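The opening position of the sequence shown corresponds to residue 5 in this note's numbering, with each subsequent residue numbered one higher.
Backbone N, C-alpha and C fix where the C-beta goes; we use that ideal spot for every residue, glycine too.
Keep in mind the model is a prediction, meaning the values are calculated, not measured.
Here is the structure we will look at.
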Amino acid sequence: MSPGGRTITHWLFVLTALAGTPLANALSIEGLPPLAPLTLREVSASVLQQKLEIAYPGGSLRIHPWPEFLPAQMTGQVLQAERQLWPAGPSDQASFAHAGERLPWLILGSQSRPTTRVIGNWHLQRSDGSWYLANGMQQMLLADKPGTSLPVRISACDTYWDVYLLDANQQKTPGTASIEREPRISWAAVRR
């Protein structure tokens, strides 16, 4: 027990609630446990009103708005998702793989921070107000405005990936301390 008779679990839930939620129009991945990765096998789901919802024992994972360029129905998927807690708010990532395949065909990032790993050695980078994908000394500019340009094609894990900038913000995440501000980005990486 911690001071005041509260358990560590109680304080973790309070911390999770205070971590904030993403902006209203940003890609949102909801329903993730805060301290443990989620793995679901043989997932089948359909998009309804721009929301993909997957029920699992003890909860429900919701991803919205679902990007229009992605399939609206999925069957036989392996889903892996994780939430990381940060002072400026949570950062979520979900990947979908076809059953029996090791490599995902889709990775989604919601409210990702600069330095977030995307795939392989590629990670997000922010410089001079723009977002980049970086791999060592190599940098590739993502779109200046979300949804306004073609994806960036990168090579990772012996295949090609198209990485889309879905949205970006520089606001503080609602519900967080006023001093915690951090640029955030939501993105999708699709294996080609």
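| Asked | Found |
| --- | --- |
| Spatial neighbours of residue 196 within its chain, please: CB distance less than 8 Å, with the 5 preceding and 5 following residues excluded, ordered by chain position. | 157, 163, 164, 165, 166 |
| If the criterion is Cβ atoms closer than 7 Å, does the pair residue 69 and residue 54 meet it? | yes |
| Could you check which residue in 77, 117, 90 has the C-alpha nearest to that of residue 102? | 77 |
| Report the residue from 117, 121, 142 whose alpha carbon sits nearest the alpha carbon of residue 111. | 121 |
| Using the three-state DSSP reduction, which class does residue 100 fall into: helix, strand or coil? | strand |
| For residue 144, which residues from the same chain have a beta carbon less than 7 Å from its beta carbon, with the 5 sequence-adjacent residues on both sides left out? | 136, 137, 156, 158 |
| Around the C-beta of residue 140, are 16 or more other C-beta atoms found within 10 angstroms, so that it is buried, or is it exposed? | exposed |
| Is residue 95 closer than 7 Å to residue 116 when the C-beta atoms are compared? | yes |
| Mind checking residue 35: buried by the 16 CB within 10 Å criterion, or exposed? | buried |
| Please state the DSSP three-state secondary structure of residue 129. | strand |
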